[in-house]
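*Asks:* Got a structure for you, written out below as structure tokens; questions coming shortly.
Residue numbers (my numbering): 7 to 223.
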């Protein structure tokens, strides 16, 4: 069941969300080094010559907090919307005890793209566990592990991402999609073989299982 989720956008007045400028959005819980403090959408569908899609999450620990933090991920699912209906393109359920990603430099954000292996844990119920407070100086970046990557069907309205997770302690999570030139293209530098479709807002401590999404209709 979808739980209560706290978005890093405030204040809320009479249940309505006010639009704020980027300067107003600088919540002190979102560190200055992140690339995007606020969600945005650049591409709903792949630009020309991009054929595949990957979903991802980025997680960090709030270094001001002495408490432990971790994020449990039940699944990551990518959908394509076509004629008003959604088609599942790719999913990670983590029942196989396999995940893909890396620990990247946090300052500057992602550094030179060098990364080291993530110390993954998996629960008996088949969830991926990221103990973000154990590596507070790193960005925990996990992506959809399907290989070759999911091919985007022609004539779709959009791709969108869904993640079911539980955030405990002072952890933050952001999700997004990348489009790739080919299902088997390798990373070759920023905006060469892959391009960011956009990112969600940052989400933080919920204590309950929640379903997050990026670019959902």
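All C-beta atoms in this analysis are idealised placements derived from N, C-alpha and C, irrespective of residue type, glycine included.
Could you pull out every residue in the same chain whose Cβ sits closer than 6 angstroms to the Cβ of residue 132, ignoring the five residues on either side in sequence?
*Replies:* 100, 101
*Asks:* With H, G and I counted as helix, E and B as strand and the rest as coil, what does DSSP make of residue 64?
*Replies:* strand
*Asks:* Going by alpha carbons, who is nearest to residue 135 out of 166, 80, 188?
*Replies:* Of 166, 80, 188, the residue nearest in Cα terms is 80.
*Asks:* What did DSSP end up calling residue 212 once you bin it into helix, strand or coil?
*Replies:* coil
*Asks:* For residue 61 and residue 150, which I take to be in contact (beta-carbon distance under 8 angstroms), what is that distance rounded to the nearest angstrom?
*Replies:* 5 angstroms
*Asks:* Identify whether residue 96 lies in helix, strand or coil by the three-state DSSP scheme.
*Replies:* strand
*Asks:* To which residues of the same chain is residue 92 closer than 6 angstroms at the C-beta, ignoring the five residues directly before and after it?
*Replies:* 85
*Asks:* Using a Cβ-based criterion (distance less than 7 angstroms to any ligand heavy atom), does residue 117 qualify as near the ligand SAM?
*Replies:* With respect to the ligand SAM, the structure offers nothing, as it holds no ligand at all.
*Asks:* Which residues in the same chain have their Cβ closer than 6 angstroms to the Cβ of residue 154, if we skip the five residues on either side of it in sequence?
*Replies:* 189, 190
*Asks:* Starting from the Cα of residue 55, find the closest Cα among 158, 72, 63, 98 and give me that residue.
*Replies:* Closest by C-alpha distance to residue 55, out of 158, 72, 63, 98, is 158.
*Asks:* Just the C-alpha distance for residue 27 and residue 36, rounded to the nearest angstrom, thanks.
*Replies:* Any reading at residue 27 is ruled out, since the residue's pLDDT is 37, under 50, leaving its predicted position unreliable.
*Asks:* Quick one: give me the first and last residue of the beta strand (DSSP E) that residue 83 is part of.
*Replies:* 76 to 88
*Asks:* Under the assumption that residue 185 contacts residue 53 (Cβ atoms under 8 angstroms), give the Cβ distance between them as a whole number of angstroms.
*Replies:* 7 angstroms
*Asks:* If distances are taken between C-alpha atoms only, which option among 179, 218, 127, 148 comes closest to residue 166?
*Replies:* Looking at the Cα atoms, 218 is the closest of the given residues.
*Asks:* Assign residue 209 to one of two classes, buried (16 or more other C-beta atoms within 10 Å of its C-beta) or exposed (fewer than that).
*Replies:* Classified as buried, residue 209 has 16 or more neighbouring CB atoms from the shown chains inside 10 Å of its CB.
*Asks:* Can you round the beta-carbon distance between residue 142 and residue 42 to whole angstroms, since I take them to be within the 8 angstroms contact cut?
*Replies:* Wrong, their Cβ atoms sit about 20 angstroms apart, outside the cutoff.
*Asks:* Check each candidate in 40, 201, 215 and name the one with the smallest Cα separation from residue 112.
*Replies:* 40
*Asks:* Are the CB atoms of residue 65 and residue 178 nearer to each other than 8 angstroms?
*Replies:* yes
*Asks:* Quick one: grab the DSSP three-state call for residue 174.
*Replies:* strand
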